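Q: Next up is a structure, given as structure tokens.
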Ligand code: UT7
């Protein structure tokens, strides 16, 4: 049977580190290392400099994943790009990445399919399900799947926006989803959404209810009221739903594959808040050593969290061939998803 497995991974974070203390001292936000660390586990995040786009970060992560997979970039036959912070409103960032990777250059240009996934924090899991389906159906052999975000350009980095502003960081993670005849790879997934909560975690800067979609002044320049300019979040609603939906999704996943939660060797959970993951771990009764977290260093990097976890877990010797791995994520929409991989 034709299977799809993760043949290589890579990630990239921009060099500038912003600690919790920096948010207070450099940005003047009324916050503290103690508050952020205690409520979220976050110690620092990386911010890209102005001029850097989401697809720029993705290029670095992709090149590392391509190298780790041991393939030539010309073997990539599809690009899937998960992000909530695209380079532009349109076209999708997968097209920018395809071009920046050189896939459109020269006589051997490949002009492969390029698809954006707009599922926020669960974008990578939705993307993995899509990539696996493409590979298993025989349509594609090597799908480049990327999660990449530049959050720092669209965070209200003042005291007014501190609840959201202190959580997020910039980063990219990538994997190659590759065809194999071996008995391994992505076994199953469970995806879900609850659009009743679409307004609880959102960014409404482009409001197509309005004509035009951004109000204009007399000179015709766009004018955006401050309450539309930045992301909005009902933090405690998100927190509660994240725990419930992640557990529900993992349970559904295990039922589908007829495995017990106790059979999972490693859980790689979306990194939104360390306390969310600790509660998931406690409620499913899993030992701490089966969870691998890195939110302390990067904050919430949305679609990039899971591919970064995969790469760091491999580098740390925590993820090895033969292990049963569960990925799980929850985010805006609300959307959520989990996937089971025999590594
Ligand atoms: O990928 C999905 C994305 N998001 C999430 O998963 C987030 C889920 N939610 C959470 O993680 C938590 O709700 C937060 C960490 C965001 C917030 O924690 P909380 O315990 O729900 O705090 P809160 O929003 O109820 O705010 C409590 C207080 C408020 O002050 P007042 O009104 O009580 O005076 C906030 O203004 O804490 C204040 N506060 C802060 N203080 C210092 C909020 N953010 C900060 C901050 N530093 N960074």
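Numbering (the working numbering), first residue to last: -19 to 323.
Ideal placement from N, C-alpha and C gives every residue a C-beta, glycine not left out.
Quantities reported herein were computed from a predicted structural model and do not represent experimental measurements.
1. What I want to know is whether the C-beta of residue 314 ends up closer than 6 Å to one or more non-hydrogen atoms of the ligand UT7.
2. Residues in its own chain within less than 8 Å of residue 57 by CB, not counting five upstream and five downstream?
3. Using the three-state DSSP reduction, which class does residue 234 fall into: helix, strand or coil?
4. DSSP beta-bridge partners for residue 1?
5. Tell me whether residue 222, by its Cβ, gets closer than 6 Å to a heavy atom of the ligand UT7.
6. Skipping 5 residues on each side, what residues in its chain have a beta carbon closer than 6 Å to that of residue 145?
7. Hey, out of 17, 196, 319 and 148, whose CA is closest to residue 170's CA?
8. Let me confirm a value: residue 100 is counted as buried when at least 16 other C-beta atoms fall within 10 Å, else exposed. Which label applies?
9. Compute every distance between the C-beta of residue 337 and the non-hydrogen atoms of the ligand UT7, then say whether any falls below 6 Å.
10. Could you name the residues that DSSP lists as bridge partners for residue -11?
11. Nearest-angstrom Cα distance between residue 291 and residue 154?
12. Spatial neighbours of residue 186 within its chain, please: C-beta separation below 8 Å, excluding the five flanking residues on both sides.
13. Looking at the secondary structure, which residues open and close the beta strand (DSSP E) in which residue 26 lies?
14. Residue 332 to residue 311, Cα distance in whole Å?
15. Exposed or buried, which one is residue 107 when buried takes at least 16 other CB atoms within 10 Å?
16. Return the Cβ separation of residue 248 and residue 209 in integer angstroms, given the expectation that the two are a contact with Cβ distance under 8 Å.
17. Throw me the rounded Cβ distance for the residue 165 and residue -15 pair, which I believe falls under 8 Å.
18. Rounded C-beta distance between residue 21 and residue 246? I'm assuming under 8 Å.
19. Say whether the region 22 to 42 touches the region -4 to 9, bearing in mind that this needs 3 or more beta-carbon pairs closer than 8 Å, one atom from each stretch.
20. Over what stretch of residues does the beta strand (DSSP E) that includes residue 177 continue unbroken?
21. Quick one: is the Cβ of residue 168 within less than 6 Å of any heavy atom of the ligand UT7?
22. From residue 269 to residue 297, what does the alpha carbon distance come to, in whole angstroms?
23. The ligand UT7 heavy atoms versus the CB of residue 160: any closer than 6 Å?
24. What does the Cβ neighbour count give for residue -12, buried or exposed, with the cut at 16 atoms within 10 Å?
25. Can you find the residues in the same chain that come closer than 6 Å, C-beta to C-beta, to residue 325, ignoring five residues on each side of it along the sequence?
26. Straight-line CA distance for residue 118 to residue 54?
A: In brief:
1. Residue 314 Cβ: outside cutoff for every heavy atom of the ligand UT7.
2. 90, 92, 93, 120, 121, 122 and 123
3. Residue state, collapsed to three classes: helix.
4. According to DSSP, which records beta bridges pairwise, residue 1 is partnered with nothing at all.
5. yes
6. 135, 136 and 137
7. Selected option, being the one with the closest Cα: 319.
8. buried
9. Outside the displayed span of the chain (-19 to 323) sits residue 337, for which this structure offers no information.
10. In DSSP, residue -11 forms a bridge with 155.
11. 9 Å
12. 69, 193 and 194
13. Element bounds for residue 26: 24 to 26.
14. For residue 332 there is no data in the structure shown, the boundaries of the chain being -19 and 323.
15. buried
16. Going by Cβ atoms, the distance from residue 248 to residue 209 rounds to 33 Å, so no, they are not a contact pair.
17. 3 Å
18. At roughly 19 Å, the Cβ-Cβ gap does not stay under 8 Å, so residue 21 and residue 246 are not in contact.
19. yes
20. Segment: none, residue 177 is in no beta strand (DSSP E) and carries neither H nor E.
21. no
22. The straight-line gap from Cα to Cα measures roughly 13 Å.
23. no
24. buried
25. Because residue 325 is not part of the residues shown, which for the chain are -19 to 323, the question remains open.
26. 18 Å
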